[in-house]
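So the sequence lines, in the order shown, correspond to chains A and B. Residue numbers for the first sequence, in our numbering: 1 to 296. Residue numbers for the second sequence, in our numbering: 297 to 610. Idealized CB from N, CA, C, for every residue including glycine. Note sheet for the following structure.
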Amino acid sequence: MTEFLQQLLNGLSLGAIYALIALGYTMVYGVLRFINFAHSDVFMVGSFVGYYMGKLIPEGTLWGGLTILVGSMMACAILGMTIERLAYRPLRNAPTLNVLITAIGVSLLLEYTGQVFFGAAPRNFPAIFPVTNFHLGGLIISSNQLMVIIVSAILMVVLQLIVFRTKIGTAMRAVSLNPKAAVLMGVNNDVVISFTFGLGSALAAAGGILYALNYPSIDPLMGVMPGLKAFVAAILGGIGNIPGAALGGLILGTVETFVAGSQWSTYKDAIAFAILIIILLFRPAGLLGKFTVEKV
Amino acid sequence: MPKPHLYLLLGLAAAFGVSYFSDYFNPYYLDVLAGIGINVILAVSLNLVNGYTGQFSLGHAGFMSVGAYLSAAVTIFLGPKFFGDDGGTAFQQGALFFGALIVGGLSAALAGLAVGIPSLRLKGDYLALVTLGFGEIIRVIFQNVEVLGGALGLNGIPPYTTIFWVLAFVAVTVFTVTCLVTSTYGRGFLATHDDEIASEAVGLNTTRYKIVAFVIGAFFAGIAGGLYGHFKMTITPTGFDFTKSIEIVVMVILGGMGNTLGVILAAILLTLLPEVLRPIAEYRMVLYSFLLIVLMIARPQGLFNFKLGKARSA
């Protein structure tokens with residue numbers, strides 16, 4: 001039982017990170033209807049920004065850690081908006097496939113540029129937050145795991161408030177529902193899309209820092225697998241659906257952790273895709289999504 | 297004689313010619329040419345699925361790996377049984393290799409059928425992801441099969457791939473795909489691409505067309521995998537991950553979807569580009585990805601697509 005709870009806890013903290021990345025995918029899909037492959041590399045850049053800021057700020061303090069977290073989120077928000085402005089905006093009316101390929105191009109560009117600038121070898125991520133282990137019965141809860149769960153919960157609540165309680169959030173939902181009608185109602189789509197990219201990229205950066213706290217070895221290709229899995233999480237919950245992305249991430253992280261702890265551990269990378277295939281075959285709209293029929 | 301058949305004969309003749317005089321060429325150029333040929337097979341076969349039929353598949357490398365592993369298994373495990381440890385005469389080796397390639401192609405086609413039947417009900421981005429998922433699952437499975445080398449990969453594959461085999465299969469692939477899409481039956485692929493709902497309304501079984509395209513594409517991907525394995529002599533599961541699939545998709549898109557000649561040119565260009573950029577080693581992939589973005593923005597209809605004014609969207 002203790003082992004089960006321990007695995008559940010590990011799974012939830014991994015799932016919370018997947019959820020943070022998945023939110024970025026789902027929001028961009030919501031407004032632009034395409035898979036932003038570069039998102040997973042923004043996640044990578046996020047943890048590298050944290051790595052370099054960690055050299056300037058004394059490690060192991062709560063405020064230092066939070067400064068790094070916020071700094072990295074801001075840096076990645078700017079990066080995400082820049083990517084959107086330079087690579088995606090010229091293709092606003094192009095076929096989806098071209099945008100998809102451009103996204104893949106941006107993703108490769110970030111990875112290879114990362115390899116040139118940061119080096120291909122993995123680096124050790126500093127312990128930017130103070131680390132202690134809490135013992136609860138037989139459970140071991142590290143402060144980093146708690147940090148992951150608390151920070152992601154706060155960010156998701158903030159996101160929910162932005163999307164449902166602010167003007168720009170309303171505009172985001174309007175663009176997602178019908179971009180043309182949104183323009184007619186006086187919404188500036190470019191601003192909204194740019195904001196969405198900034199918001200999503202900031203969440204990816206937070207995910208990157210939190211991921212690096214728990215798996216402190218970072219390299220320029222670290223984003224690929226978590227990125228793909230987070231996208232699976234977004235689909236699992238219903239793409240374009242914000243609570244769905246959070247739910248999908250938690251489910252995926254938990255299932256993966258349990259598989260990794262079982263005798264089939266070598267198949268843990270396949271499990272996310274198996275879930276993806278099953279969900280798309282039986283409930284293509286995702287757990288919380290609404291199914292729409294294509295009209296002629 | 298219709299034109300495609302003429303080109304097939306010309307292609308086969310060229311394959312004979314080049315392999316007959318292969319001793320006179322620089323081996324480096326022959327290696328590059330073989331690499332180009334394998335990529336042309338992959339790109340042209342994927343073009344049948346992505347370009348002509350309009351089904352966006354990101355799992356081509358998965359089918360390639362099925363072909364590569366199973367054909368390598370045939371030559372490694374069955375070869376010595378039939379022809380002794382020295383591999384037999386040149387003719388026996390050729391026959392064995394041909395058989396191995398066909399086994400690789402057929403098993404990839406079977407994998408394509410198994411993947412295609414459930415997933416081709418989906419469309420667009422979703423289909424892309426499911427095929428990507430299947431590709432990754434195939435990779436993880438090969439990582440766990442100890443007989444085939446597991447995560448370390450399969451070594452000691454006999455170097456049977458010669459320039460003749462590559463060029464001959466390039467000719468066969470191009471011929472098959474061209475004949476298929478220009479045939480009466482093959483119009484169904486284009487119809488499925490252009491408007492699925494309208495095709496269904498006039499009584500075409502679009503699902504069946506999609507599966508046929510998928511299976512044939514997978515077959516040639518398997519052949520290309522077999523050629524690749526016997527060319528590099530060593531294969532690893534990670535060599536067939538989704539980056540490889542993306543590489544092939546990029547060739548198809550740059551060539552112009554559903555334009556075989558353009559796709560061939562793009563495959564040649566994209567195989568040569570890293571070779572040409574070798575002097576600036578560490579920056580070459582940066583430049584490659586940068587060019588990809590610029591090309592997509594500047595020429596969205598594909599680099600070599602001159603016929604159509606606008607891109608053929610999926």
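Shortest alpha-carbon distance to residue i belongs to which of the options?
i, options, result
"A/Thr-26", "A/Lys-55, A/Gly-237, A/Ile-149 and A/Gly-261", "A/Gly-237"
"A/Val-148", "A/Val-163, A/Ile-128 and A/Gly-137", "A/Ile-128"
"A/Leu-136", "A/Ala-77, A/Arg-89, A/Ile-83 and A/Thr-2", "A/Thr-2"
"A/Asn-51", "A/Ser-72, A/Ser-40, A/Thr-61 and A/Leu-32", "Inspection of the sequence shows that residue 51 of chain A is occupied by Tyr rather than by Asn. A/Tyr-51 has its Cα closest to that of A/Ser-72, out of A/Ser-72, A/Ser-40, A/Thr-61 and A/Leu-32."
"B/Leu-450", "B/Ala-369, B/Leu-561 and B/Tyr-324", "B/Ala-369"
"A/Val-192", "A/Leu-203, A/Leu-184, A/Ser-176 and A/Ala-204", "A/Ser-176"
"A/Val-232", "B/Asp-421, B/Phe-393 and B/Val-314", "B/Asp-421"
"B/Asp-490", "B/Gln-351, B/Ser-341 and B/Phe-321", "B/Gln-351"
"B/Ala-407", "B/Pro-570, B/Ala-447, B/Ala-594 and B/Ile-507", "B/Ile-507"
"B/Gly-499", "B/Phe-600, B/Ala-487 and B/Phe-510", "B/Ala-487"
"B/Pro-455", "B/Thr-530, B/Pro-596 and B/Ala-494", "B/Thr-530"
"B/Tyr-505", "B/Ala-330, B/Leu-409, B/Ala-309 and B/Gln-388", "B/Leu-409"
"B/Gly-482", "B/Leu-463, B/Thr-502 and B/Ala-464", "B/Thr-502"
"B/Glu-543", "B/Tyr-316, B/Thr-567, B/Pro-533 and B/Ala-520", "B/Thr-567"
"B/Leu-448", "B/Leu-463, B/Pro-533 and B/Gly-390", "B/Pro-533"
"B/Leu-342", "B/Ala-364, B/Val-411, B/Ala-310 and B/Val-548", "B/Val-548"
"B/Val-545", "B/Val-572, B/Gly-522 and B/Ala-517", "B/Ala-517"
"A/Arg-33", "A/Arg-92, A/Leu-9 and A/Met-74", "A/Arg-92"
Can you give the Cα-Cα distance for residue i and residue j, rounded to whole angstroms?
i, j, result
"A/Ser-265", "B/Gly-355", "24 Å"
"B/Ala-610", "B/Gly-552", "Confidence at B/Ala-610 is low in this model, with a pLDDT of 42, below 50, so the placement of that residue should be treated as unreliable; the coordinate-derived value is given next. Rounded to whole angstroms, B/Ala-610 to B/Gly-552 spans 12 Å at the Cα level."
"A/Phe-282", "B/Pro-414", "10 Å"
"A/Ile-17", "A/Ser-143", "15 Å"
"B/Lys-528", "A/Met-225", "27 Å"
"A/Tyr-88", "B/Leu-583", "18 Å"
"A/Ala-285", "B/Gly-452", "46 Å"
"B/Gly-347", "A/Gly-64", "52 Å"
"B/Leu-425", "A/Glu-59", "40 Å"
"B/Thr-469", "A/Val-45", "42 Å"
"B/Ser-585", "A/His-39", "16 Å"
"A/Thr-82", "A/Cys-76", "9 Å"
"B/Ser-367", "B/Ala-339", "20 Å"
"A/Leu-24", "B/Val-314", "The residue asked about is misnamed: residue 24 of chain A is Gly in this sequence, not Leu. The straight-line gap from Cα to Cα measures roughly 52 Å."
"B/Leu-418", "A/Val-31", "21 Å"
"B/Asp-327", "A/Leu-210", "46 Å"
"A/Lys-167", "A/Gln-6", "41 Å"
"A/Ala-234", "A/Phe-273", "12 Å"
"B/Gln-389", "B/Ile-564", "29 Å"
"A/Val-183", "B/Met-592", "26 Å"
"A/Phe-118", "A/Gly-54", "15 Å"
"B/Phe-460", "B/Phe-393", "12 Å"
Here's a check: name, in chain order, each residue in its chain whose Cβ is nearer than 7 Å to the Cβ of residue i, leaving out the five neighbours to either side.
i, result
"B/Val-466", "Gly-307, Gly-333, Val-336 and Ile-337"
"A/Thr-67", "Ile-57"
"B/Gln-439", "Gly-446, Ala-447 and Pro-533"
Since residue i meets chain A, which of its residues come closer than 9 Å, beta carbon to beta carbon?
i, result
"B/Ser-361", "Ordered by position in chain A, no residue passes the 9 Å Cβ test against B/Ser-361, which lies about 14 Å from the chain."
"B/Gln-389", "Ordered by position in chain A, no residue passes the 9 Å Cβ test against B/Gln-389, which lies about 35 Å from the chain."
"B/Glu-432", "Leu-228, Asp-269, Ala-270, Ala-272 and Phe-273"
"B/Leu-665", "With chain B covering only 297 through 610, there is no way to say anything about residue 665 of chain B."
For the putative contact between residue i and residue j, defined by C-beta atoms under 8 Å, what is the C-beta separation to the nearest angstrom?
i, j, result
"B/Gly-484", "B/Leu-344", "No, B/Gly-484 and B/Leu-344 are not in contact; Cβ-Cβ is about 12 Å, not under 8 Å."
"A/Pro-220", "A/Ala-103", "With 8 Å as the limit, A/Pro-220 and A/Ala-103 do not qualify as a contact, their Cβ atoms being about 17 Å apart."
"A/Leu-20", "A/Ala-206", "6 Å"
"B/Ser-361", "B/Ile-434", "6 Å"
"B/Ile-519", "B/Gly-363", "6 Å"
List the residues of chain A whose Cβ lies closer than 8 Å to the Cβ of residue i, in chain order.
i, result
"B/Tyr-422", "Ile-235, Leu-280 and Pro-284"
"B/Pro-596", "Leu-91, Ala-94, Pro-95 and Asn-98"
So residue i contacts chain B; which residues on that side make the cut at Cβ distance below 8 Å?
i, result
"A/Pro-90", "Ile-593"
Please work out which residues of its chain come closer than 6 Å, Cβ to Cβ, to residue i, disregarding the five sequence neighbours upstream and downstream, and give them in chain order.
i, result
"A/Gly-80", "Val-42, Phe-197, Gly-198 and Ser-201"
"A/Ile-140", "Asn-133"
"A/Gly-11", "Gly-253, Thr-254 and Thr-257"
"A/Gly-208", "Phe-43, Gly-46 and Ser-47"
"A/Phe-37", "Ala-103, Ile-104 and Ser-107"
"A/Gly-223", "Ser-40, Asp-41, Phe-43 and Met-44"
Name the chain A residues that come within less than 7 Å of residue i, Cβ to Cβ?
i, result
"B/Tyr-579", "Val-116"
"B/Val-441", "Near B/Val-441 there are no residues of chain A at all, since even the closest Cβ is about 11 Å away, more than 7 Å."
"B/Gly-429", "Phe-273, Leu-276 and Ile-277"
"B/Val-546", "Ile-101"
Looking only at its chain, what residues have a beta carbon closer than 8 Å to the beta carbon of residue i, apart from the 5 residues adjacent to it on each side?
i, result
"A/Lys-268", "Glu-256, Val-259 and Ala-260"
"B/Leu-428", "Leu-354, Gly-355, Phe-538 and Ser-541"
"A/Phe-4", "none"
"A/Met-172", "Met-27, Gly-30, Val-31, Val-163, Val-192, Phe-195 and Thr-196"
Run down chain B in chain order and give the residues with a C-beta less than 7 Å from the C-beta of residue i.
i, result
"A/Gly-105", "Ser-585, Leu-588, Ile-589 and Met-592"
"A/Tyr-112", "Met-581, Val-582 and Ser-585"
Closer than 7 Å by beta-carbon distance: list the chain D residues that pair up with residue i, in chain order.
i, result
"A/Ile-251", "Annotation note: the requested chain D is absent from the structure, which comprises protein chains A and B."
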